[in-house]
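In terms of full-length UniProt numbering, the sequence shown has 218 at position 218, counting the first letter as 1, and numbering is strictly consecutive. Note sheet for the following structure.
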Amino acid sequence: MTAWLGSEEWQAVALSLRVAAVATLVSLPFGVAMAILLARGRFWGRGLLNGLVHLPLVLPPVVTGYLLLVTLGRTAPLGRVLEDWFGLVFAFRWTGAALAAAVMAFPLMVRSIRLSVEAVDPGLEAAAGTLGANRLRVFGTVTLPLIAPGILAGCVLAFAKAMGEFGATITFVSNIPGETQTLPTAIYAFLQVPGGEGSALRLVAVSVAISVGAVLLSEAISVRLARRVAGR
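Spelled out as C-alpha coordinates, the structure:
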(Lines of atoms letter the chains of each structure in order from A and count residues from 1; the text may use other names and numbers.)
(Lines give C-alpha, C1' and ligand atoms only; values in the text may rest on other atoms or scores of the structure.)
Protein backbone atom coordinates (compact mmCIF):
# COMPACT_ATOMS: atom_id res chain seq x y z
CA MET A 1 0.00 0.00 0.00
CA THR A 2 2.85 2.35 0.76
CA ALA A 3 4.11 1.97 -2.84
CA TRP A 4 0.67 2.66 -4.26
CA LEU A 5 -0.06 5.63 -2.01
CA GLY A 6 2.00 8.77 -1.64
CA SER A 7 3.34 9.83 1.74
CA GLU A 8 0.58 12.40 2.31
CA GLU A 9 -2.09 9.88 1.28
CA TRP A 10 -0.64 7.23 3.57
CA GLN A 11 -0.60 9.68 6.47
CA ALA A 12 -4.31 10.35 5.93
CA VAL A 13 -5.11 6.62 5.89
CA ALA A 14 -3.07 5.90 9.01
CA LEU A 15 -4.53 8.86 10.88
CA SER A 16 -8.09 7.88 9.91
CA LEU A 17 -7.57 4.35 11.22
CA ARG A 18 -6.10 5.73 14.42
CA VAL A 19 -8.88 8.26 14.92
CA ALA A 20 -11.65 5.74 14.18
CA ALA A 21 -10.15 3.08 16.46
CA VAL A 22 -9.64 5.48 19.37
CA ALA A 23 -13.10 7.00 18.93
CA THR A 24 -14.73 3.56 18.93
CA LEU A 25 -12.80 2.09 21.84
CA VAL A 26 -13.18 5.15 24.07
CA SER A 27 -16.90 5.39 23.30
CA LEU A 28 -17.62 1.70 23.91
CA PRO A 29 -18.00 1.60 27.72
CA PHE A 30 -20.05 4.80 27.68
CA GLY A 31 -22.15 3.44 24.82
CA VAL A 32 -22.92 0.19 26.66
CA ALA A 33 -23.80 2.04 29.87
CA MET A 34 -26.02 4.55 28.04
CA ALA A 35 -27.77 1.81 26.05
CA ILE A 36 -28.59 -0.13 29.22
CA LEU A 37 -29.76 3.05 30.96
CA LEU A 38 -32.09 3.98 28.11
CA ALA A 39 -33.34 0.42 27.62
CA ARG A 40 -33.96 -0.50 31.25
CA GLY A 41 -34.07 2.80 33.12
CA ARG A 42 -37.34 4.32 34.25
CA PHE A 43 -36.72 7.87 35.42
CA TRP A 44 -37.86 11.42 34.83
CA GLY A 45 -36.09 13.00 31.86
CA ARG A 46 -35.40 9.71 30.08
CA GLY A 47 -36.93 11.06 26.88
CA LEU A 48 -34.84 14.21 27.11
CA LEU A 49 -31.67 12.18 27.65
CA ASN A 50 -32.54 10.00 24.66
CA GLY A 51 -33.00 13.12 22.56
CA LEU A 52 -29.66 14.57 23.65
CA VAL A 53 -27.86 11.31 22.84
CA HIS A 54 -29.30 11.30 19.32
CA LEU A 55 -28.88 15.05 18.76
CA PRO A 56 -25.68 14.68 16.65
CA LEU A 57 -27.70 12.65 14.13
CA VAL A 58 -30.06 15.53 13.37
CA LEU A 59 -27.78 18.53 13.86
CA PRO A 60 -25.66 19.60 10.88
CA PRO A 61 -22.15 18.19 11.50
CA VAL A 62 -20.69 21.68 11.12
CA VAL A 63 -22.84 22.84 14.03
CA THR A 64 -21.60 19.97 16.17
CA GLY A 65 -18.02 20.83 15.29
CA TYR A 66 -18.60 24.50 16.10
CA LEU A 67 -20.12 23.61 19.48
CA LEU A 68 -17.07 21.48 20.24
CA LEU A 69 -14.80 24.37 19.24
CA VAL A 70 -16.51 26.95 21.45
CA THR A 71 -16.67 24.47 24.33
CA LEU A 72 -13.28 22.77 24.15
CA GLY A 73 -11.19 25.25 22.18
CA ARG A 74 -8.00 26.50 23.84
CA THR A 75 -9.61 29.88 24.55
CA ALA A 76 -12.82 28.37 25.95
CA PRO A 77 -13.09 28.09 29.78
CA LEU A 78 -13.45 24.30 29.75
CA GLY A 79 -10.73 23.95 27.15
CA ARG A 80 -8.32 26.00 29.29
CA VAL A 81 -9.14 23.89 32.37
CA LEU A 82 -8.48 20.64 30.50
CA GLU A 83 -5.18 21.95 29.16
CA ASP A 84 -3.93 23.53 32.40
CA TRP A 85 -4.99 20.78 34.78
CA PHE A 86 -4.78 17.62 32.67
CA GLY A 87 -2.65 18.57 29.67
CA LEU A 88 -5.47 17.69 27.28
CA VAL A 89 -5.72 19.71 24.07
CA PHE A 90 -8.38 18.86 21.48
CA ALA A 91 -8.73 21.80 19.11
CA PHE A 92 -6.58 21.44 15.97
CA ARG A 93 -5.10 18.15 17.24
CA TRP A 94 -5.71 14.54 16.20
CA THR A 95 -7.26 13.96 19.61
CA GLY A 96 -9.90 16.50 18.66
CA ALA A 97 -10.56 14.59 15.44
CA ALA A 98 -11.10 11.45 17.53
CA LEU A 99 -13.43 13.34 19.88
CA ALA A 100 -15.47 14.78 17.01
CA ALA A 101 -15.73 11.35 15.39
CA ALA A 102 -16.76 9.78 18.71
CA VAL A 103 -19.49 12.38 19.26
CA MET A 104 -20.91 11.85 15.78
CA ALA A 105 -20.73 8.04 16.00
CA PHE A 106 -22.03 7.69 19.57
CA PRO A 107 -25.77 7.71 18.69
CA LEU A 108 -25.33 4.87 16.20
CA MET A 109 -23.45 2.78 18.73
CA VAL A 110 -25.99 3.40 21.48
CA ARG A 111 -28.95 2.61 19.25
CA SER A 112 -27.51 -0.69 18.08
CA ILE A 113 -26.61 -1.84 21.59
CA ARG A 114 -29.92 -0.62 23.01
CA LEU A 115 -31.88 -2.77 20.56
CA SER A 116 -29.89 -5.81 21.70
CA VAL A 117 -30.50 -5.02 25.37
CA GLU A 118 -34.22 -4.63 24.78
CA ALA A 119 -34.29 -8.04 23.07
CA VAL A 120 -32.88 -9.81 26.15
CA ASP A 121 -35.54 -11.59 28.20
CA PRO A 122 -35.42 -10.06 31.72
CA GLY A 123 -36.59 -13.43 33.02
CA LEU A 124 -33.21 -14.96 32.20
CA GLU A 125 -31.46 -12.33 34.29
CA ALA A 126 -33.98 -12.73 37.10
CA ALA A 127 -33.45 -16.51 37.07
CA ALA A 128 -29.69 -16.04 37.42
CA GLY A 129 -30.32 -13.65 40.31
CA THR A 130 -32.43 -16.21 42.16
CA LEU A 131 -29.49 -18.62 41.96
CA GLY A 132 -27.38 -16.23 44.00
CA ALA A 133 -25.56 -14.30 41.30
CA ASN A 134 -25.09 -10.60 41.99
CA ARG A 135 -25.86 -7.95 39.36
CA LEU A 136 -22.31 -7.76 38.07
CA ARG A 137 -22.11 -11.52 37.62
CA VAL A 138 -25.53 -11.62 35.95
CA PHE A 139 -24.37 -8.98 33.51
CA GLY A 140 -21.09 -10.76 32.77
CA THR A 141 -22.52 -14.27 32.38
CA VAL A 142 -26.02 -13.68 31.01
CA THR A 143 -26.58 -10.20 29.61
CA LEU A 144 -23.19 -9.52 28.02
CA PRO A 145 -23.03 -12.73 25.93
CA LEU A 146 -26.57 -12.11 24.67
CA ILE A 147 -25.92 -8.51 23.65
CA ALA A 148 -22.43 -9.19 22.27
CA PRO A 149 -23.60 -9.25 18.60
CA GLY A 150 -25.30 -5.88 19.16
CA ILE A 151 -22.16 -4.46 20.74
CA LEU A 152 -20.13 -5.67 17.79
CA ALA A 153 -22.61 -4.17 15.32
CA GLY A 154 -22.51 -0.90 17.24
CA CYS A 155 -18.73 -0.84 17.14
CA VAL A 156 -18.70 -1.45 13.39
CA LEU A 157 -21.25 1.31 12.79
CA ALA A 158 -19.29 3.68 15.01
CA PHE A 159 -15.99 2.81 13.33
CA ALA A 160 -17.47 3.33 9.86
CA LYS A 161 -19.04 6.64 10.90
CA ALA A 162 -15.77 7.78 12.47
CA MET A 163 -13.85 6.86 9.32
CA GLY A 164 -16.22 8.93 7.20
CA GLU A 165 -16.74 11.93 9.49
CA PHE A 166 -16.05 15.22 7.73
CA GLY A 167 -18.11 18.24 8.81
CA ALA A 168 -17.53 18.19 12.56
CA THR A 169 -13.88 17.24 12.10
CA ILE A 170 -12.92 19.98 9.68
CA THR A 171 -14.76 22.59 11.77
CA PHE A 172 -13.22 21.55 15.08
CA VAL A 173 -9.67 20.60 14.09
CA SER A 174 -9.30 22.00 10.56
CA ASN A 175 -7.45 20.06 7.82
CA ILE A 176 -3.77 19.98 8.78
CA PRO A 177 -1.72 17.40 6.82
CA GLY A 178 -0.06 14.90 9.13
CA GLU A 179 -1.94 16.18 12.19
CA THR A 180 -5.69 16.32 11.57
CA GLN A 181 -6.10 15.41 7.88
CA THR A 182 -8.21 12.25 7.78
CA LEU A 183 -9.42 10.35 4.71
CA PRO A 184 -12.52 12.49 4.04
CA THR A 185 -10.70 15.80 4.51
CA ALA A 186 -7.78 14.57 2.41
CA ILE A 187 -10.14 13.57 -0.41
CA TYR A 188 -11.76 17.00 -0.20
CA ALA A 189 -8.36 18.72 -0.26
CA PHE A 190 -7.13 16.74 -3.27
CA LEU A 191 -10.30 17.55 -5.21
CA GLN A 192 -9.63 21.28 -4.72
CA VAL A 193 -6.28 21.26 -6.54
CA PRO A 194 -5.59 20.60 -10.24
CA GLY A 195 -4.40 17.06 -10.85
CA GLY A 196 -5.52 15.80 -7.47
CA GLU A 197 -8.24 13.52 -8.80
CA GLY A 198 -5.90 10.52 -8.92
CA SER A 199 -4.97 10.83 -5.26
CA ALA A 200 -8.61 11.34 -4.31
CA LEU A 201 -9.64 8.24 -6.27
CA ARG A 202 -6.99 6.12 -4.57
CA LEU A 203 -8.15 7.28 -1.15
CA VAL A 204 -11.76 6.54 -2.08
CA ALA A 205 -10.72 3.01 -3.05
CA VAL A 206 -8.90 2.55 0.26
CA SER A 207 -11.89 3.88 2.18
CA VAL A 208 -14.27 1.48 0.43
CA ALA A 209 -11.91 -1.46 0.99
CA ILE A 210 -11.56 -0.73 4.72
CA SER A 211 -15.32 -0.31 5.16
CA VAL A 212 -16.19 -3.51 3.30
CA GLY A 213 -13.50 -5.42 5.20
CA ALA A 214 -14.82 -4.18 8.53
CA VAL A 215 -18.39 -5.21 7.66
CA LEU A 216 -17.34 -8.68 6.49
CA LEU A 217 -15.23 -9.22 9.60
CA SER A 218 -18.04 -8.11 11.88
CA GLU A 219 -20.48 -10.45 10.14
CA ALA A 220 -18.13 -13.40 10.61
CA ILE A 221 -17.56 -12.61 14.28
CA SER A 222 -21.27 -11.97 14.85
CA VAL A 223 -22.22 -15.37 13.40
CA ARG A 224 -19.61 -17.06 15.55
CA LEU A 225 -20.84 -15.30 18.69
CA ALA A 226 -24.45 -16.18 17.91
CA ARG A 227 -23.57 -19.85 17.50
CA ARG A 228 -21.64 -19.82 20.76
CA VAL A 229 -24.57 -18.26 22.63
CA ALA A 230 -26.92 -20.84 21.10
CA GLY A 231 -24.57 -23.61 22.18
CA ARG A 232 -23.87 -24.93 18.70
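Note that beta-carbon positions come from the ideal geometry of N, C-alpha and C, so glycine has one too.
Beta-carbon gap between residue i and residue j smaller than 9 Å
i           : j           : result
residue 189 : residue 101 : no
residue 12  : residue 214 : no
residue 155 : residue 109 : yes
residue 135 : residue 35  : no
residue 184 : residue 197 : no
residue 48  : residue 37  : no
residue 25  : residue 107 : no
residue 207 : residue 16  : yes
residue 128 : residue 142 : yes
residue 85  : residue 18  : no
residue 254 : residue 23  : As shown, the chain starts at 1 and ends at 232. That puts residue 254 outside it, with no answer to give.
residue 182 : residue 96  : no
residue 157 : residue 112 : yes
residue 202 : residue 4   : yes
Buried/exposed call for residue i, threshold 16 Cβ in 10 Å
i           : result
residue 145 : exposed
residue 194 : exposed
residue 60  : exposed
residue 2   : Because residue 2 sits at a pLDDT of 49, beneath the cut-off of 50, its placement in the model cannot be relied upon, and the point is left open.
residue 126 : exposed
residue 20  : buried
residue 9   : buried
residue 79  : buried
residue 6   : exposed
residue 122 : exposed
residue 205 : exposed
residue 162 : buried
residue 41  : exposed
residue 51  : exposed
residue 232 : With a pLDDT of 47 at residue 232, under the threshold of 50, the modelled position of that residue is not reliable, and the figure given next carries that caveat. Label assigned to residue 232: exposed.
Cβ separation of residue i and residue j, assumed to be a contact under 8 Å, to the nearest whole Å
i           : j           : result
residue 65  : residue 172 : 4 Å
residue 62  : residue 74  : Incorrect: roughly 20 Å between the Cβ atoms, too far for contact.
residue 39  : residue 117 : 4 Å
residue 152 : residue 218 : 6 Å
residue 92  : residue 176 : 7 Å
Starting from the N-terminal side, write out each stretch of the alpha helix (DSSP H) that is 4 residues or longer and does not extend beyond the region 66-106. 77-86
Residue ranges of each alpha helix (DSSP H) run of no fewer than 4 residues wholly in the region 166-207, ordered along the chain? 167-173 and 183-191
If we require 4 or more residues per run, which alpha helix (DSSP H) segments fall completely within the region 13-65? 46-53 and 55-58
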